[in-house]
Every structure is written in C-alpha cells, then in structure tokens.
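Written out below as structure tokens is the structure these notes cover.
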Amino acid sequence: MTAATVAAPSAPATPARRLGPTAGLRHTGTLAWRSLVQIKHNPMELLDLSIQPVMFVLLFTYVFGGAISGSPGEYLTFALPGIIVQNAFFATMTTGFGLNQDLTKGVFDRLRSLPVARWSPLAGRIVADTVKQAWSLTLLLGVGMILGFRLGNGVFGLLGAFALLLVFSLAAAWMSVLVGVLVSEPDKVQIFGFTVIFPLSFTSNAFVPTETMPSWLQHWVEVNPVTILANALRGLLVGGPVAAPVLQSLLWAAAIAAVFAPLAVRGLRRRV
Amino acid sequence: MTYAIRAEGLVRRFGDTTALAGVDLAVPAGTVFGLLGPNGAGKTTAVRVLATLLAADEGHATVGGYDVRRDAHRVRQLIGLTGQYASVDENLTGTENLLLIGRLLGLSRRDARDRAAELLAGFQLTDAAGRAAKTYSGGMRRRLDLAASLVGRPQVLFLDEPTTGLDPRSRNDLWDIVRGLVAEGVTVLLTTQYLEEADQLADEIAVVDHGRVIAQGTPEELKAKTGGQVLTVRPVEAADLPTVLAVVGEVTGVDPEVTQTTVSAPVNGPGALPAVVRRLDDAEVYVAELALRGSSLDEVFLSLTGHRAEDETPALEGSPA
Numbered sequence: 080m081t082a083a084t085v086a087a088p089s090a091p092a093t094p095a096r097r098l099g100p101t102a103g104l105r106h107t108g109t110l111a112w113r114s115l116v117q118i119k120h121n122p123m124e125l126l127d128l129s130i131q132p133v134m135f136v137l138l139f140t141y142v143f144g145g146a147i148s149g150s151p152g153e154y155l156t157f158a159l160p161g162i163i164v165q166n167a168f169f170a171t172m173t174t175g176f177g178l179n180q181d182l183t184k185g186v187f188d189r190l191r192s193l194p195v196a197r198w199s200p201l202a203g204r205i206v207a208d209t210v211k212q213a214w215s216l217t218l219l220l221g222v223g224m225i226l227g228f229r230l231g232n233g234v235f236g237l238l239g240a241f242a243l244l245l246v247f248s249l250a251a252a253w254m255s256v257l258v259g260v261l262v263s264e265p266d267k268v269q270i271f272g273f274t275v276i277f278p279l280s281f282t283s284n285a286f287v288p289t290e291t292m293p294s295w296l297q298h299w300v301e302v303n304p305v306t307i308l309a310n311a312l313r314g315l316l317v318g319g320p321v322a323a324p325v326l327q328s329l330l331w332a333a334a335i336a337a338v339f340a341p342l343a344v345r346g347l348r349r350r351v
Numbered sequence: 026m027t028y029a030i031r032a033e034g035l036v037r038r039f040g041d042t043t044a045l046a047g048v049d050l051a052v053p054a055g056t057v058f059g060l061l062g063p064n065g066a067g068k069t070t071a072v073r074v075l076a077t078l079l080a081a082d083e084g085h086a087t088v089g090g091y092d093v094r095r096d097a098h099r100v101r102q103l104i105g106l107t108g109q110y111a112s113v114d115e116n117l118t119g120t121e122n123l124l125l126i127g128r129l130l131g132l133s134r135r136d137a138r139d140r141a142a143e144l145l146a147g148f149q150l151t152d153a154a155g156r157a158a159k160t161y162s163g164g165m166r167r168r169l170d171l172a173a174s175l176v177g178r179p180q181v182l183f184l185d186e187p188t189t190g191l192d193p194r195s196r197n198d199l200w201d202i203v204r205g206l207v208a209e210g211v212t213v214l215l216t217t218q219y220l221e222e223a224d225q226l227a228d229e230i231a232v233v234d235h236g237r238v239i240a241q242g243t244p245e246e247l248k249a250k251t252g253g254q255v256l257t258v259r260p261v262e263a264a265d266l267p268t269v270l271a272v273v274g275e276v277t278g279v280d281p282e283v284t285q286t287t288v289s290a291p292v293n294g295p296g297a298l299p300a301v302v303r304r305l306d307d308a309e310v311y312v313a314e315l316a317l318r319g320s321s322l323d324e325v326f327l328s329l330t331g332h333r334a335e336d337e338t339p340a341l342e343g344s345p346a
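Protein sequence lines, in the order shown, are assigned to chains A and B.
Numbering of the first sequence is given in my numbering, commencing with residue 80 and proceeding in unit increments.
Numbering of the second sequence is given in my numbering, commencing with residue 26 and proceeding in unit increments.
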C-alpha cells in the first residue's frame with residue numbers, strides 16, 4: 080500500500096453546521112485520555128507525581144518533626160495537611176506546563192484545526208490534571224497513614240477534603256494556564272512555579288505554627304490561601320474548626336478563578 | 026472552475042507589523058498551489074487564516090465553498106493541517122497520535138484503530154508504531170504529522186513548510202507523498218521558502234513578500250516573466266575577471282553577479298551573447314566557459330523581491346549565525 084491510496088478524500092457529504100450537544104464532553108474525554116496516556120512514555124512525570132510527594136512527607140516528618148513538634152508522629156498530624164496543600168499547588172503547574180508545550184510545539188494548532196469543541200483542549204488537560212491531583216493526594220494520605228497519620232472525621236471528612244482540594248485546584252489551575260500562555264517555553268513555567276510556590280507555601284502555617292514567626296510575617300501568614308486551605312484540611316482530616324476555614328478556602332478559590340480565568344482566556348485568545 | 030480555496034483582500038496586522046497586506050488567492054480544486062516567500066513574508070499567517078486558526082482583520086476567504094469565519098466548523102471538517110513545526114504529540118506513540126485524531130473526528134474506537142494502522146502502513150511507519158514520537162527521526166516525524174492530517178480524509182490539505190529542516194532524501198520522500206495525494210484528488214496549499222520545492226510540486230505559485238502577492242503564475246510563466254535567460258562567463262585566468270565583469274556589465278546594463286571564478290547576469294534580447302563574445306575577443310580574454318540558460322526561480326525571486334531567498338540549507342540548531 081502506498082500513502083496515496085490511504086488519502087483519497089471522502090465523498091463530499093455536506094458537513095455538519097455545528098457540533099452535537101455532547102460532542103464537547105466526548106472530545107474532552109479523549110483529550111484527557113491523551114494527557115494521561117502520555118505518562119506511559121514519560122516515566123519522569125510519574126516520578127514527579129509519586130516520588131516527590133512521598134519524599135516530602137518523609138523528609139518533613141523525620142527531619143523537622145522532632146525540632147518543630149517534639150516528635151515525628153505529632154508533627155505528621157500537623158504537617159501532612161500542609162504538605163498536601165503545597166503538593167496541590169505544585170501539581171497545578173502541570174496544567175500550564177503541558178499547555179505551553181502544546182502551544183510551542185504546534186499541537187494546540189493541530190487540535191484547533193479539527194472540528195472539535197473550542198474549549199475541549201483546555202478542558203481535557205484540566206480533567207487529566209485533576210486525575211493526577213487525586214492520585215498524588217491518595218498517595219500522600221496513604222504514606223501518611225502508614226507513618227501513623229489518623230483520620231479524625233472518618234470517611235466524610237476524607238471525602239470533604241478531597242472535594243475541597245479538587246475545587247481549589249481547579250481554581251488555581253487558571254493561574255497556571257495564565258502562566259502557560261504568557262511564557263515562551265515550558266521550562267519557564269517550572270521556574271515560575273518554583274519561585275512563586277516555594278515562598279507562598281513556606282510563608283504559611285503549612286509546616287510551622289504561625290506563633291513562632293515574627294509578628295509582621297504573621298499578618299500575611301494568616302491570610303495566605305495556603306494557611307487557610309491547610310487549616311480547612313486539618314479540620315476535615317484531623318479535627319477542629321471546619322466551617323470557617325472551608326468557607327474562606329472557597330472564597331479564595333472563587334477570587335482566584337474570578338481574577339485569573341478571564342485573564343487566562345484572554346491571554347490564550349491573544350496567543351493563538 | 027471550482028475553487029477549493031478563495032481569498033479576497035486578506036489583511037492581518039499584529040501590532041505595528043502588517044503580516045498580510047491584502048492577499049487574494051484562487052486555488053482550483055485538485056491542484057497544488059505554492060505560496061513562496063522568505064521568512065516573515067506572511068505565508069504562515071495566510072495558512073492560519075485559511076485553516077480557521079486566526080481571524081483576518083479585513084477581507085474574507087472560503088475553503089470548499091464555506092466561509093472560514095462564519096462556517097469555521099464546516100471548514101474544519103474538510104481540511105487537514107500540517108504545521109511548520111511537526112505538531113505531533115512527542116509523548117504519544119505513532120498509533121496513539123493517530124488514534125487521538127481519529128477519536129476526536131468521531132470515529133469509533135475500532136475504526137480509529139483501523140485507520141491508524143492503515144495510515145502507518147502507508148507511510149512506512151508500522152515498525153515504529155508503538156514507539157513514542159520523540160524517538161522518531163525528523164523525516165519519520167514529518168510523515169507521522171502528515172498522516173495525522175490525513176486521518177479525516179481531507180479535501181484540502183495545508184502544508185506549512187513541510188520539508189524545512191529535512192535532509193534531501195526525506196525531502197524527496199515527502200515530495201513523492203504529496204504528488205500521490207494530489208493524484209488522489211486532494212487540493213494542496215503549500216508554503217515554502219525553497220524555490221526548488223515550489224518548482225517541483227506546485228501547479229501555480231504565488232510569490233509573497235511583506236504580506237503581498239508580488240507575482241503569480243505557473244513556474245514556467247514566472248521564469249519567463251523575468252526576461253528569461255542568464256549569461257555566465259568563466260575566464261581561463263582569474264586575473265581576467267575584472268575585464269569580464271566590465272564587459273558583461275556594459276553589454277547587459279546590469280550589475281553582474283561575481284563568484285570566485287564566474288561572472289553572470291540576466292540578459293534580454295538575442296544580441297547580448299555575440300556582443301559579449303566579440304568584446305571579450307577584442308580584449309584577448311580566453312574563456313573556459315560561456316553559457317546561456319533559462320533563469321531559475323532563484324533569479325525570478327531575486328528580480329521580484331530585490332533580495333535572495335533564504336539560504337537553501339537551514340542553519341543547524343545551536344550553530345553560530
């Protein structure tokens with residue numbers, strides 16, 4: 080067989096005027112599959128998704144645990160929700176990284192030249208990243224529980240924590256999308272991620288109680304979304320106040336989405 | 026005549042730059058149309074407008090009879106696009122790349138798989154089907170990219186600089202494939218900075234520079250347009266080059282081009298050759314080679330744009346400019 084025999088144009092049927100109502104969801108599913116199946120050929124990504132979170136739990140628990148909380152076990156209870164939040168922030172950067180890769184390599188153009196729903200390339204990516212996010216969260220909790228972390232609110236607390244984290248990640252993904260459309264190459268997304276997320280997560284009570292910090296820093300720490308989300312997860316997973324931090328987390332998520340989603344969409348329109 | 030692609034007065038600006046400054050195109054169905062021009066001439070912008078990826082600021086265009094703005098979704102069902110940068114997903118295998126496109130086009134899992142296998146076989150990629158595309162050679166990648174744009178059996182295919190960066194053999198392979206596609210009835214719009222490529226493939230060529238079509242016609246018409254012929258003289262003694270230069274310059278009335286051993290200039294009219302011979306004889310210059318030949322597209326390009334086309338061999342990545 081030659082290339083020619085496989086290329087004959089199909090009979091000129093009248094092409095459909097517009098997409099069917101469920102087509103966009105189907106496209107999103109296919110594109111999410113694409114992002115996930117990539118992992119098979121890029122084992123480094125699985126490493127990123129798995130080893131890094133586990134390493135953080137082990138390092139923080141055994142290196143800092145004694146110094147900060149008196150014992151690794153007590154520290155784990157305090158820090159695991161914080162580690163989960165930091166990991167979630169890092170994980171959102173995958174969205175911008177992948178998107179930028181698609182933009183710079185021309186994959187995005189190829190996808191947009193197909194008769195698919197306009198929003199599906201972005202939606203597919205975000206769905207896939209949410210799955211990855213859930214995987215990391217499961218892994219973190221699993222390792223934590225092996226090391227002695229105990230759920231204080233049972234299954235409902237666990238499901239609530241999952242739901243809250245995923246909602247927050249979806250909102251934070253817009254920041255990542257914005258970075259992804261603004262920078263010129265994928266590596267810059269990583270660099271941006273590190274330079275912003277490290278200080279953001281360390282100037283919170285994710286790893287260290289607020290009281291030990293200078294008072295000027297405490298003001299910021301108390302409103303830092305990482306602190307608020309970490310508090311909410313502590314409430315849901317371990318025990319303590321739930322309603323206030325969860326509500327504040329949702330407000331933060333809404334604010335982030337309200338600011339960054341329009342900017343990201345505008346940036347994307349300009350870029351392509 | 027049925028036109029697969031029509032464009033009228035396309036204008037597109039990016040800030041202060043005008044990428045398209047009023048482009049008209051008419052491509053008959055079943056032909057290869059070449060957009061020839063240097064980097065930054067507006068070729069890619071034209072393709073992006075026609076492939077529904079970019080809105081023109083002014084003018085309008087139809088592909089397969091459908092307006093690229095108002096009926097973009099319909100146009101997308103008729104076209105295939107192969108970009109300047111091979112736009113396959115490097116982290117997917119050859120099969121997965123084609124499956125992705127097939128499924129997005131609404132094929133069932135089984136049909137998408139069959140179509141992928143059929144295309145991979147047709148493009149000699151069966152052996153590499155299960156490998157990630159990042160392990161492919163440049164030529165294989167380009168073939169996979171082309172295969173991906175053919176999954177939906179498009180009527181109109183956009184090839185944006187399909188052979189940039191390929192070695193001569195892969196380039197020839199790709200040319201053969203394109204000829205095969207056209208034989209099957211596909212209309213091809215090809216952009217290229219390689220004059221030879223346009224000459225080899227295109228039925229009709231539009232020369233683009235600074236966002237405008239500055240000449241259009243068949244390769245032969247374009248060659249004829251510039252007065253046709255080039256005179257090349259190689260003296261036996263390199264020391265005679267200045268004399269040859271002066272003679273050729275005076276006879277042809279243009280600034281000849283000089284290399285280490287030859288002087289050449291475009292000529293018009295039948296009198297130039299005998300005049301040059303007579304005057305070189307008077308000057309007692311012995312000539313090793315004296316040739317008159319039809320001008321190549323290279324010279325056409327030069328005379329139309331006032332500058333040479335880009336170097337034929339693209340600079341290797343990382344090499345000093």
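Ideal placement from N, C-alpha and C gives every residue a C-beta, glycine not left out.
Distance between residue j and residue i (C-alpha atoms, nearest Å)
i: B/A231; j: A/L244; result: 56 angstroms
i: B/A346; j: B/E221; result: Confidence at B/A346 is low in this model, with a pLDDT of 33, below 50, so its placement is unreliable and no value can be given for it.
i: A/W295; j: A/V287; result: 16 angstroms
i: B/R166; j: B/V113; result: 8 angstroms
i: B/P267; j: B/E309; result: 13 angstroms
i: A/S255; j: A/T171; result: 6 angstroms
i: A/H106; j: B/L117; result: 17 angstroms
i: A/D266; j: A/V186; result: 17 angstroms
i: B/F326; j: B/E245; result: 13 angstroms
i: A/I130; j: A/V222; result: 11 angstroms
i: B/D228; j: B/T56; result: 6 angstroms
i: A/I147; j: A/Y154; result: 7 angstroms
i: A/V344; j: B/E143; result: 38 angstroms
i: A/D188; j: B/A76; result: 10 angstroms
i: A/F169; j: A/I276; result: 7 angstroms
i: A/S199; j: A/V116; result: 17 angstroms
i: B/A263; j: B/R318; result: 22 angstroms
i: A/A251; j: B/P187; result: 39 angstroms
Residue range of the beta strand (DSSP E) that includes residue i
i: B/V88; result: 83-88
i: B/T42; result: 42-53
i: B/A29; result: 28-39
i: B/D185; result: 181-185
i: B/V255; result: 254-260
i: B/G59; result: 57-61
i: B/G105; result: 104-107
Simplified DSSP state of residue i, which is helix, strand or coil
i: B/E314; result: strand
i: A/P132; result: helix
i: B/S289; result: strand
i: A/L219; result: helix
i: B/G242; result: strand
i: A/A87; result: coil
i: B/A141; result: helix
i: B/A157; result: strand
i: A/T274; result: helix
i: B/T118; result: strand
i: B/R95; result: coil
i: B/D234; result: strand
For residue j and residue i, believed in contact at Cβ under 8 angstroms, the rounded distance
i: B/D185; j: B/T216; result: 5 angstroms
i: B/T189; j: B/Q109; result: 6 angstroms
i: B/A172; j: B/F148; result: 5 angstroms
i: B/L61; j: B/A223; result: 5 angstroms
i: B/H235; j: B/A46; result: 7 angstroms
Buried or exposed (CB count within 10 angstroms, at least 16 for buried), residue i
i: A/S215; result: buried
i: A/V164; result: buried
i: A/A333; result: exposed
i: A/M134; result: exposed
i: B/L125; result: buried
i: A/A240; result: buried
i: A/P194; result: buried
i: A/R191; result: buried
i: B/R37; result: buried
Continuous alpha helix (DSSP H) stretch holding residue i: start and end
i: B/Y219; result: Unbroken run through B/Y219: none, as it is neither H nor E.
i: B/L266; result: 266-277
i: B/T70; result: 68-75
i: A/E153; result: 151-184
i: B/G210; result: Counting along the chain, B/G210 falls outside any alpha helix (DSSP H), and DSSP gives it neither H nor E.
Beta carbon proximity, residue i to chain C, threshold 7 angstroms
i: A/V210; result: Given the protein chain composition of this structure (A and B), no chain C is represented.
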